[in-house]
Amino acid sequence: MANQKRQWYQIQSQAKDHKQHKEPTSLFEHFFIVGLSSYANVEAVEDAFARRKTWESEVAKSEILDLRKIQRQARMPTLEPQILFKYPPGKQVAMRESDVPIFCFPEGVKARMLERTPSMSDLNELVFGQEHLAHDDSSFVFRLKVADSTTLYGVCLHVQEIVQRAPGILGAISPLNPSCKSGRFLVSAPRCYCMLTKVPFFELHFEMLNSITAQERLDRITQFVSEMALTESIPFVGTEQDQLDENFESPNGQFCNSWMGYAIPAGSILGLTSPSIGLPSDREVPPFLFRQLEPHSPESAASECSDFSHVRELDRESRKSWGHFDDHSSVTSGSRSDSFDRTNGSLDTGQTSPENSTTYSCVNCGLLHVESIVSVYSSVRGTGSEEEDDDLCYKHDIAGDEKVMEWAKLHNNEPLQIVCGYHTLPVPPRGREIIFHPLEHLQPIKYFRPNITSLGLDNVSQIDISFPTEVNEVNARLAAAEEGLALSIWTVATVCRVLSLESVLTLIAGALLEKQVVVICPNLGVLSAIVLSVIPIIRPFEWQSLFLPVLPRRLFDFLDAPVPFIVGIQNKPTEMKKTPNLIQVNVYKDQVKACPLPQLPRHKELVSQLGPIHARLSCENFIAKRHPIYKCSEIQAEAAGDFLNVMKHYLESLCSNLRSHTITNVQSNNDKVSLLLKDSFVGSFPVSDRPFIKLLVETQQFSVLSDSQLSTYENEPF
């Protein structure tokens with residue numbers, strides 16, 4: 001056994017020599033805006049809206065309610081997301097770029113039409129409201145392991161926006177869909193502001209995303225108020241629209257025109273669909289964008305019908321040239337290159353058809369702005385290489401950021417200034433504070449990076465760091481501890497407020513025994529928090545296998561993997577393979593379907609300690625629902641800290657007696673190897689606790705923890 005472990009040490013040492021833990025140099029790797037393109041085909045949304053209005057009309061005339069019809073009419077169509085913006089534009093993404101949209105929207109994008117009411121509450125809420133700050137389902141985090149087992153976090157913020165209005169960060173784009181059925185009425189859908197980062201400064205990252213959305217909201221309101229002067233009220237859809245849609249047939253075979261009276265024409269409020277950076281001039285906006293404000297006539301209707309077919313054809317041709325606006329592009333295809341790179345390449349050739357340049361003059365204007373960002377950044381960074389030195393890459397990134405910042409200030413693109421300014425900030429040393437000033441009129445954001453003492457790793461000073469392998473080990477431990485601390489409060493507060501204590505303990509037991517755990521919850525904020533809570537709760541153990549807080553529907557094949565995993569999904573698949581190690585946690589039902597599990601050691605004692613703490617957290621559920629998932633009250637923070645302290649002492653006590661069951665083999669050259677006598681260790685526990693401990697000692701995470709402790713015995717002097 002001793003010789004086998006020596007051989008294993010040699011293999012591990014060789015692996016560590018090739019594996020280096022590199023400290024991140026910037027606060028984030030990439031920033032994305034993901035959602036529906038301004039030219040996305042939203043006919044399915046109109047169909048659903050028409051069906052709902054038809055159903056409501058039938059219900060109003062009928063005295064009998066059909067529950068099946070109620071369920072059917074409540075479903076919103078799901079559309080495919082795509083990348084709308086990326087920064088830095090020329091830098092390679094650590095994960096497959098085609099996977100970014102499906103992690104931002106695991107179940108696709110659900111869009112809906114804005115309904116016209118006398119008070120226009122639907123529209124006002126979208127323009128003036130900040131719904132994402134009043135719910136716990138708009139903010140979430142996904143987590144991946146990428147090259148060299150580096151942890152990559154996706155910090156995501158969902159914000160409801162008007163589809164026909166491009167993100168303000170794109171600059172002077174007027175994306176109002178030209179007089180075609182896919183965009184005649186205002187449609188709202190969430191857009192995801194996503195930051196890929198290697199540093200777990202979640203509160204700082206979320207506040208930075210909030211500053212971007214706050215600035216875009218300010219721009220939106222300013223322009224909305226300015227453009228509302230063009231029209232005193234939204235005109236009722238008149239003869240022209242009726243003639244255009246006289247042949248519109250709903251999916252159930254019935255003709256429906258009346259539903260359009262409840263929709264808001266896209267061209268009637270230009271402030272919502274014109275760019276947020278600078279008002280469009282008459283030259284930039286095609287004349288057909290104003291047609292709904294002009295008097296209607298049969299001639300104009302006939303002309304618009306002719307334009308409709310012509311624009312559709314141009315739309316198809318344009319999408320081939322401008323892949324950035326292709327709403328039908330596959331998000332799973334690995335061949336899809338970066339949208340801005342393709343835009344840059346298309347514009348560099350200088351080959352654009354006269355028709356496209358005429359019909360999409362406003363789009364070309366916006367793409368030229370995007371191309372400018374790419375060219376400005378690339379002129380400094382160059383083509384680069386994957387093997388390029390990190391310090392050199394960082395210097396190139398800083399230089400590129402400075403150039404883009406100059407460009408953004410010149411073009412008054414304040415959202416881009418925020419992103420660029422955040423990217424220029426270096427990662428602060430441990431124990432130091434970072435202060436980020438998004439813009440002069442926005443509040444500064446402060447974040448204090450915990451020091452080593454706060455991480456609870458005082459013993460790392462005892463490790464000899466004279467060799468690179470030891471340095472990597474120390475850095476890896478610090479990174480794991482920092483991740484656990486960053487996730488500790490808000491994730492634990494969430495899992496305890498939505499699940500009963502017994503459900504929480506079953507989840508913990510399944511994680512400790514390396515079972516296959518599937519957490520099911522439609523709320524992305526709650527879902528990701530519950531899965532991520534496992535990381536701080538089970539410390540000092542560290543999960544060693546597949547771990548995905550958010551698993552997109554397209555990757556459900558991972559559920560068939562014959563390995564331990566902890567994953568989160570929004571909805572249960574119709575068919576889930578049953579395995580002897582599967583544990584399903586249904587959050588909304590607070591129901592756990594678990595394979596046979598032995599009880600946690602000292603279960604009653606643990607319940608008595610955690611019960612009062614859990615009760616305090618569960619009482620905060622109603623209030624916590626009205627805040628972003630990462631926000632916690634003082635009561636929640638204190639209770640979550642108490643919960644983690646109990647769990648820490650409990651789990652450490654399970655491994656506190658390892659030394660008494662360890663033997664050390666010493667060779668003539670003083671080479672020492674310590675071995676754990678597992679049977680002796682298991683036998684030291686009470687009979688009722690042994691079934692759990694017997695399974696625990698066979699897990700990979702127990703082996704990692706015990707080997708770490710045994711190595712300290714081997715380094716002790718005689």
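Residue numbers (full-length UniProt numbering): 1 to 718. Backbone N, C-alpha and C define an ideal beta-carbon position, used for all residues, glycine too.
Please name the residue, chosen from the options, that lies closest to residue i on a Cα-to-Cα basis.
i      : options                        : result
Gly611 : Ala624, Ala639, Gly510         : Ala639
Pro106 : Thr78, Phe128, Pro89           : Thr78
Lys53  : Phe85, Asn451, Val159, Arg116  : Arg116
Asp679 : Glu698, Tyr650, Ser688, Thr664 : Glu698
Ser706 : Arg96, Leu675, Val687, Gly456  : Leu675
Leu499 : His132, Val550, Gly431, Val519 : Val519
Val109 : Ser545, Pro552, Phe128         : Pro552
Val646 : Pro536, Arg191, Lys578         : Pro536
Ile489 : Glu440, Ile629, Gly683, Val517 : Ile629
Met405 : Ala60, Phe224, Pro88           : Pro88
Thr662 : Leu651, Lys648, Ser684         : Ser684
Glu46  : Leu209, Ile264, Ile169         : Ile264
Leu126 : Arg497, Ile162, Arg539, Phe85  : Ile162
Leu133 : Ala189, Gly525, Phe85          : Gly525
Asp560 : Tyr650, Glu542, Pro580         : Pro580
Ala594 : Cys632, His205, Ala509, Leu654 : Ala509
Cys194 : Asp136, Phe103, Pro573         : Phe103
If we count the other Cβ atoms within 10 Å of its Cβ and call it buried at 16 or more, is residue i buried or exposed?
i      : result
Ile693 : buried
His614 : buried
Asp557 : exposed
Thr712 : exposed
Tyr588 : exposed
Phe448 : exposed
Phe622 : exposed
Phe128 : exposed
Arg626 : exposed
His437 : exposed
Cys362 : The predicted position of Cys362 is uncertain, since its pLDDT is 38 and thus under 50; a value taken from the coordinates is nonetheless stated next. Cys362 should be labelled buried.
Asn124 : exposed
Gly90  : buried
Lys578 : exposed
Arg659 : exposed
Pro167 : buried
Pro295 : Residue placement at Pro295 is flagged as unreliable, the pLDDT there being 35, under the threshold of 50; a coordinate-derived value is accordingly withheld.
His423 : buried
Asn523 : buried
Asp219 : buried
Thr343 : Low confidence applies to Thr343: its pLDDT is 35, below 50, so where it sits in the model is not reliable, and the reading given next is rough at best. So Thr343 ends up on the buried side.
Ser98  : buried
Glu502 : exposed
Ile538 : buried
Which residues share a DSSP beta bridge with residue i?
i           : result
His158      : Cys192
Arg112      : Ser188
Pro686      : None; Pro686 has no bridge partner.
Ser674      : Thr664
Gln584      : Val518, Lys593
Phe32       : Lys86, Cys194
Gly568      : Val519
Leu513      : Paired residue(s): none; Leu513 is not in a bridge.
residue 762 : No answer is possible for residue 762: the residues shown for the chain start at 1 and end at 718.
Glu433      : Phe448
Phe547      : Ile566
Pro426      : Ser26
Leu79       : Val109
If residue i sits next to residue j, beta carbons under 8 Å apart, how far is it from one beta carbon to the other, in whole angstroms?
i      : j      : result
Ser37  : Gln92  : No, Ser37 and Gln92 are not in contact; Cβ-Cβ is about 24 Å, not under 8 Å.
Leu478 : Leu513 : So it is not a contact: roughly 27 Å between Cβ atoms.
Val534 : Ala511 : 5 Å
Phe201 : Leu442 : Between Leu442 and Phe201 the Cβ distance is about 18 Å, and since that is not below 8 Å, they are no contact.
Arg112 : Val187 : 7 Å
Val419 : Phe31  : 5 Å
Tyr650 : Leu606 : 6 Å
Ile33  : Ile169 : 7 Å
Within 8 Å of any Cβ in chain E, is that where the Cβ of residue i sits?
i      : result
Glu414 : Of the protein chains in the structure, only one exists, and it is not chain E.
Practice prompt. Take every Cβ of the region 522-532, pair it with every Cβ of the region 565-585, and state whether three or more of those distances are shorter than 8 Å.
Written response: Yes, the region 522-532 is in contact with the region 565-585.
Worksheet item: Three or more beta-carbon pairs under 8 Å between the region 424-431 and the region 32-47, yes or no?
Response: These segments do not touch.
Worksheet item: Would you call the region 145-152 and the region 625-642 in contact, with 3 or more CB pairs under 8 Å?
Response: Output reads no: the region 625-642 does not touch the region 145-152.
Discussion item. Is it the case that the region 578-592 contacts the region 536-546, given that we only count it when at least three CB pairs across the two stretches are under 8 Å?
Written reply: The region 536-546 and the region 578-592 do not touch, with fewer than 3 CB-CB distances between them shorter than 8 Å.
Worksheet entry | Cβ contact (3+ pairs, closer than 8 Å) linking the region 414-421 and the region 211-228 | Yes, since at least three Cβ pairs between the region 414-421 and the region 211-228 fall closer than 8 Å, the two stretches touch.
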